[in-house]
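So the protein sequences, as listed, match chains A and B. As numbered in my numbering, residues 702 to 881 make up the first sequence, in order. As numbered in my numbering, residues 702 to 881 make up the second sequence, in order. Structure, as structure tokens:
2 protein chains.
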Amino acid sequence: MIKKWIEKESQHVLNGRIFRYHKKRRTSPQDDKEGNFDVIECFPWVNVLAFDEAGKLILVEQYRHGVDDLTLEIPGGAVNHGEDVKLSAQRELLEETGYSSDEWHFLGNVQANPAFMTNDCSTFLAMNCKKTSDQKLDPMEEIDIHLVTLDSFKDKIKRGEIKHSLVIAAYALYSFWKNP
Amino acid sequence: MIKKWIEKESQHVLNGRIFRYHKKRRTSPQDDKEGNFDVIECFPWVNVLAFDEAGKLILVEQYRHGVDDLTLEIPGGAVNHGEDVKLSAQRELLEETGYSSDEWHFLGNVQANPAFMTNDCSTFLAMNCKKTSDQKLDPMEEIDIHLVTLDSFKDKIKRGEIKHSLVIAAYALYSFWKNP
């Protein structure tokens, strides 16, 4: 039976702009295995599957530095220090798109990558969103808004035009919420 | 209209055990925005949704250093340098579970996290898997096998017992494959 490993040593190697890198020395309680492991610590993230009043999904197109390419995603971002995750989701939706909603549902919490990342992504559903303001983008953000039907969103996943794992996981959580 | 940013400078900061960390200085072609961005480079990953001959899903339970906890996931791992992704998926399934299959389907490619990670996760479906060998675990791996029905797998996602975003994304890709 698998058990949690025991931490022998933790070294905080460095801070990136959006993560902290730790080296962990851990040992298995089952035998004498002992090794060094990478751990990337990030703030929690939030994602929002947001439908406007016409039932269209609000998507964000942006340049992403990891893949060095444009992507189509759902709105989301990092939770600020001490911020409530739902307020964070509402803030990210408003900042990135200018839309807001008074009907919010929690779809679930997924792990970014439990193998070496510490954080979760809390996924929300926002219904009947209205355009209530302009975008309030971070200094380094450029975001175009796309409104698409749910069928078109699914087709874009099938065709590989939407590829972000957290976005596709959000769709799965939504499908469970819709058809429990 | 959003455009790709232009790289001004790239600094390879350090190598972790499973990633390389780069700092990128990039500028927007739209205006004079210029900033520094974290990029985490990983090898490509593979994931396998594997069903045994009785139609049960083959899951792996293991201790994960990122979340410092046990997780239930589908088999998968990192593609070796120069390795074909399908062979990698077949190798990971065999090594982690001892199962193999002669019916493989490609479900799709998802991005780990395009915001700051470079890599994809290629997701495969393996049908009618047979137990053909013992596990061949890496020196630091401990893996218990669980066989569950697809309904139980879905329930575990709904209840938050399976939380890995790449695993949940794999389920979404499978549901599209099954009901195109």
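All C-beta atoms in this analysis are idealised placements derived from N, C-alpha and C, irrespective of residue type, glycine included. In this text the structure is predicted, and so the values were computed from the model without any measurement.
query: Could you name the residues of the segment 707-731 of chain A whose beta carbon sits closer than 9 Å to any beta carbon of chain B, in the order they occur along the chain?; result: Glu-708, Val-714, Leu-715, Gly-717, Arg-718, Ile-719, Phe-720, Tyr-722, Lys-724, Lys-725, Arg-727, Ser-729 and Gln-731
query: Taking Cβ positions only, does A/Leu-760 come closer than 8 Å to chain B?; result: no
query: What is the DSSP secondary structure of A/Ala-827, counted as helix, strand or coil?; result: strand
query: Are the beta-carbon atoms of B/Leu-681 and B/His-847 separated by less than 8 Å?; result: Outside the shown range of chain B (702 to 881) lies residue 681 of chain B, about which nothing can therefore be said.
query: Using 8 Å as the cut-off, can you tell me whether the segment 705-721 of chain B makes contact with the segment 785-802 of chain A, which would need three or more C-beta pairs spanning the two stretches below that distance?; result: no
query: What do you get for A/Glu-754, buried or exposed, if any count of 16 or more other CB atoms within 10 angstroms of its CB means buried?; result: exposed
query: Along the segment 851-879 of chain B, what residues have a CB closer than 8 Å to any CB found in chain A?; result: Lys-855, Ile-858, Lys-859, Gly-861, Lys-864, His-865, Ser-866, Leu-867, Ile-869, Ala-870, Tyr-872, Ala-873, Leu-874, Ser-876 and Phe-877
query: Going along the chain, which residues of its own chain have a beta-carbon closer than 7 Å to the beta-carbon of A/Val-740, five neighbours each way excluded?; result: His-723, Lys-725, Phe-817 and Thr-819
query: Does A/Leu-771 get closer than 8 Å to chain B when you measure Cβ to Cβ?; result: yes
query: Start and end of the beta strand (DSSP E) containing B/Thr-728?; result: 721-728
query: Hey, quick one: how far does the alpha helix (DSSP H) through A/Arg-765 stretch, first residue to last?; result: Element bounds for A/Arg-765: not the alpha helix (DSSP H) but the beta strand (DSSP E), 758-765.
query: So what does B/Thr-772 bridge to, in DSSP terms?; result: B/Gln-763
query: Using a Cβ-Cβ cut-off of 8 Å (strictly less than) and excluding sequence neighbours within five positions of A/Thr-833, which residues of its own chain qualify?; result: Leu-795, Gly-799, Tyr-800 and Ser-801
query: How would you list, in chain order, the residues of chain B whose beta-carbon sits under 8 Å from the beta-carbon of A/Arg-792?; result: Simply none; closest approach about 17 Å.
query: Distance, Cα to Cα, A/Asp-839 vs A/Cys-743?; result: 19 Å
query: Going by the DSSP bridge assignment, what does B/Leu-848 pair with across the sheet?; result: B/Ile-759
query: Is it buried or exposed, A/Gln-712, if we count other Cβ atoms within 10 angstroms and call 16 or more buried?; result: exposed
query: Which residue comes first and which comes last in the beta strand (DSSP E) that contains B/Lys-709?; result: 707-716
query: Rounded to whole angstroms, what is the Cα-Cα separation between B/Pro-730 and B/Ile-707?; result: 7 Å
query: Measuring only between beta-carbons, confirm whether A/Tyr-764 sits less than 8 Å from chain B.; result: yes
query: For chain A, find out if any of its Cβ atoms is closer than 8 Å to the Cβ of B/Phe-817; answer yes or no.; result: yes
query: Taking the continuous beta strand (DSSP E) assigned at A/Gln-836, which residues delimit it?; result: Counting along the chain, A/Gln-836 falls outside any beta strand (DSSP E), and DSSP gives it neither H nor E.
query: Is it true that the CB of B/Ile-703 sits closer than 8 Å to the CB of A/Asp-845?; result: yes
query: Put A/Phe-854 into one of helix, strand or coil per three-state DSSP.; result: helix
query: With DSSP run on the structure shown, which of helix, strand or coil describes A/Ser-789?; result: helix
query: Work out the CA separation of A/Trp-746 and A/Asn-810 for me, nearest whole Å.; result: 10 Å
query: Could you have a look at B/Val-749 and say whether DSSP puts it in helix, strand or coil?; result: strand
query: So who's on the other strand from B/Cys-822, going by DSSP bridges?; result: B/Trp-746 and B/Val-811
query: What in chain A is Cβ-close to B/Gly-809, meaning under 7 Å?; result: Gly-861
query: Starting from A/Ala-870, follow the alpha helix (DSSP H) in both directions and report where the run begins and ends.; result: 866-879
query: Counting only Cβ pairs nearer than 8 Å, list the residues of chain A close to B/His-783.; result: For clarity, residue 783 of chain B is Gly in the given sequence; the question names His instead. Correct list: empty, because the minimum Cβ distance to chain A is about 21 Å.
query: As a quick exercise: from B/Ala-779, B/Val-849, B/Arg-765 and B/Phe-877, pick the residue whose alpha carbon is nearest that of A/Lys-857.; result: B/Phe-877
query: Excluding sequence positions up to five away, which residues of its chain have a Cβ less than 8 Å from the Cβ of B/Glu-735?; result: Lys-709, Arg-726, Arg-727, Thr-728 and Ser-729
query: Checking 8 Å against the spacing of the C-beta atoms, do A/Cys-822 and A/Leu-750 come in under that value?; result: no
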